[in-house]
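Using my numbering, the letters of the sequence shown map in sequence onto residues -6 to 86.
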Amino acid sequence: MSWDAVLATPFGPFGIAVDAQGRVRRAAFLPETRPRADVPRRARAAARAVEAYLADPATPALAAVPLVPAPGPFAARLYLRSALAAAGGLDPW
-6 MSWDAVLATP
4 FGPFGIAVDA
14 QGRVRRAAFL
24 PETRPRADVP
34 RRARAAARAV
44 EAYLADPATP
54 ALAAVPLVPA
64 PGPFAARLYL
74 RSALAAAGGL
84 DPW
């Protein structure tokens, strides 16, 4: 997984991956990863929101961060079946 932003937090490195529109598609605490100084423009709003939250948890900054919509249960099953079929482990239909 490629991380667009890796922030130093009191809890350890925190990675943020965004899509081309800057919507967060994944975020996680990372083991032994160095913070990135070169955060791309598309990830800066999400990185600033996390930093604002860490400075003041009462801030509403995180609420304004756009997220990639998660697939519903049907779409998730369809993606799984497609991935298994591509790997030769399942007849997709």
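Glycine residues also receive a C-beta, built at the ideal position from the N, C-alpha and C atoms. Predicted model, so just to flag it, every value in this text is computed and none were measured.
query: Exposure of L0, with buried meaning 16 or more beta-carbon neighbours within 10 Å; result: buried
query: Beta-bridge partners of F22, as assigned by DSSP; result: F7
query: Residue range of the beta strand (DSSP E) that includes L0; result: A(-2) to L0
query: Residue nearest to V17 in terms of C-alpha spacing, selected from G65, A78, V58 and L77; result: V58
query: Limits of the unbroken alpha helix (DSSP H) element including L55; result: No alpha helix (DSSP H) holds L55; DSSP gives it neither H nor E.
query: Which listed residue (E25, V43, P24 and P3) has its alpha carbon closest to that of I9; result: V43
query: Which listed residue (W(-4), R70 and A48) has its alpha carbon closest to that of D31; result: W(-4)
query: Per-residue DSSP class, three states only, for V32; result: coil
query: Option in S75, A54 and A20 with minimal Cα separation from G5; result: A20
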